[in-house]
Amino acid sequence: DSGVTQTPKHLITATGQRVTLRCSPRSGDLSVYWYQQSLDQGLQFLIQYYNGEERAKGNILERFSAQQFPDLHSELNLSSLELGDSALYFCASSVGAATNEKLFFGSGTQLSVL
Amino acid sequence: AQSVAQPEDQVNVAEGNPLTVKCTYSVSGNPYLFWYVQYPNRGLQFLLKYITGDNLVKGSYGFEAEFNKSQTSFHLKKPSALVSDSALYFCAVNSGYSTLTFGKGTMLLVSP
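For the record, the sequence lines run as chains C and W. Read in order, the letters of the first sequence are residues 1 to 114 in the working numbering. Read in order, the letters of the second sequence are residues 1 to 112 in the working numbering.
Right, here's the structure in full:
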């Protein structure tokens, strides 16, 4: 068990809808990362937060947004969903923001857009 | 831009034999290199990393990796494979100024 908790584990929704994925980092970790994993694109970095502030942004669509709350949990909001958004979404955490730190991954949220 | 190449989609090895999973990278500046493993229906787990120093890095579950700067490679190795090592392996790279970039992954299948 990595100590990173993601909910829900599975999510089935329809095109055009909006969903929220939740992540609780390991106790003491200040950084939260969001990744999207799909068969064709592999693991794509979406966004990183450190202690409540956006730290780095990757290939995140404008329809997607995220935030990190004062208790350090994070939410990824996906709106106007399209079929192509179906993927496994991972949250990861690390102690700090340094790029040489190892990441601890949650078990992911499997999103299916029908 | 930084990138990682894992040239093999799948590696097959018999239990007890040595295994190698290949990784080459491209990054500006000095690289930080990582290996992660993903078991079915699980998140990625950290295996090992190279930051600086000794080119041979030892990690979890008996795995090791060798950093080769001239060949820009960071191959993952294990002297004797176990059936339980069967999983999806990801190589990843970043520099001091960027976030982690993952390779496409290599499926390792260890047969009894």
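We put the CB at the ideal spot given by N, CA and C, even for glycine.
(message) Assuming residue 96(W) and residue 29(W) are in contact, meaning their beta carbons sit under 8 Å apart, how far apart are those beta carbons, in whole angstroms?
(response) 7 Å
(request) For residue 83(W), name the three-state secondary structure that DSSP assigns. (result) helix
(request) Please determine, among 6(W), 2(W), 12(W) and 3(W), the residue with the shortest C-alpha to C-alpha distance to residue 114(W). (result) As displayed, chain W neither begins before 1 nor continues past 112, which places residue 114(W) out of reach and without an answer.
(message) Below 8 Å on the Cβ atoms is my contact criterion, and I expect residue 18(C) with residue 77(C) to pass it. Report the Cβ-Cβ distance as a whole number of Å.
(response) 7 Å
(message) Counting C-beta neighbours from all protein chains within 10 Å, is the total for residue 94(W) 16 or more, i.e. buried, or is it exposed?
(response) buried
(message) Can you tell me whether residue 83(C) is helix, strand or coil according to DSSP?
(response) helix
(message) Could you tell me the alpha carbon to alpha carbon distance between residue 71(W) and residue 33(W), rounded to whole angstroms?
(response) 14 Å
(message) Need the endpoints of the beta strand (DSSP E) that residue 78(W) sits in, please.
(response) 73-78
(message) Let's test the definition: count the other Cβ atoms within 10 Å of the Cβ of residue 105(W) and tell me whether it reaches 16, buried, or not, exposed.
(response) buried
(request) May I have the straight-line CA-CA distance separating residue 48(C) from residue 12(C), to the nearest angstrom? (result) 25 Å
(request) Buried or exposed for residue 29(C), please, with buried defined as at least 16 other CB atoms from any protein chain shown within 10 angstroms of its CB. (result) buried
(message) By DSSP's criteria, residue 23(W) is part of a beta bridge. Which residues make up the other side?
(response) None, per the DSSP bridge assignment.
(request) Go ahead and label residue 89(C) buried or exposed: buried means 16 or more other beta carbons lie within 10 angstroms of its beta carbon, across all protein chains shown. (result) buried
(request) Please report the residue range of the beta strand (DSSP E) in which residue 45(W) lies. (result) 44-50
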